[in-house]
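Residue 85, in the numbering used here, is where the sequence shown stops; the numbers in between run on with no holes. The C-beta atom is built at its ideal place from N, Cα and C for all residues, glycine as well. These numbers were taken from a predicted model, which means no experiment stands behind them.
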Amino acid sequence: MSYLRLIVGAFACFATLSAMAAETEWKLPPETAKFKPAPGSELASSSCLLCHSADYIIIQPRLKREAWQAIVVKMREKFAAPLPKDKDDAIIDYLTANYGLPAK
Ligand code: HEC
C-alpha cells in the first residue's frame, strides 16, 4: 500500500504547510500616505485629498509659509479645490508646521 502512504504523506504535508501559512502574521509598515496627526490635519484630509493623495504634499521639499500659501491658493483658484477662504490660515499653518520651514 505504498501509494496510499504516499498520498497520506502528501496530504499531511500539505495540511501542515497550510496550517503554517494560516498562522503567518503579516505586519504591514505604518501608513505613509497620510497626514501627520496634528491640529489642522483633519482639515487637510478633508480639503486636500479629493483630487490627489497626501503624497503630493508629503513629498514636497520643506516649503516656507508663503510657498504653502501660494499652493493652497493655486489649488482653489486653478483647480477649484472647495476650500473656504476663512480656512486658509488654519490649513497653511498646519502645512507649514508639519511640512514646512519655520518662519524666520
Ligand atoms: C480640486 C482638486 C484638488 C484639490 C481639492 C487639491 N488639489 Fe492639489 N493638485 C491638484 C492638481 C490637479 C494638481 C497637479 C497640478 C500640477 O501638476 O500642476 C495638484 C498638485 C498639488 C501639489 C504638487 C505641487 C504643485 O503645485 O503642483 C501640491 C503640493 C498640492 N496639490 C497641494 C494641495 C493642498 C495642500 C491641497 C489642500 C488645500 C490640495 N492640493 C487640494 C488638484 C487639487
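Q) Using DSSP with H/G/I as helix, E/B as strand and the rest coil, what is Leu30? A) coil
Q: Spatial neighbours of Asp69 within its chain, please: CB distance less than 7 Å, with the 5 preceding and 5 following residues excluded, ordered by chain position.
A: Val53
Q. What does a CB cutoff of less than 6 Å around Arg57 pick up in its chain, not counting 5 residues either side in sequence?
A. Leu64
Q. Who are the near neighbours of Ile72 in its chain, counting only those whose CB is closer than 8 Å to its CB and skipping five residues on each side?
A. Gly21, Leu24, Ala25, Ser28, Cys29, Val53, Leu64
Q. Which first and last residues belong to the alpha helix (DSSP H) in which Thr77 is found?
A. 69 to 80
Q.
For Ala86 and Ile39, I'd like the C-alpha separation in whole angstroms.
A. Residue 86 is absent from the model: the chain starts at -18 and stops at 85.
Q.
Strictly by DSSP, which residues pair up with Leu44?
A. Gly81
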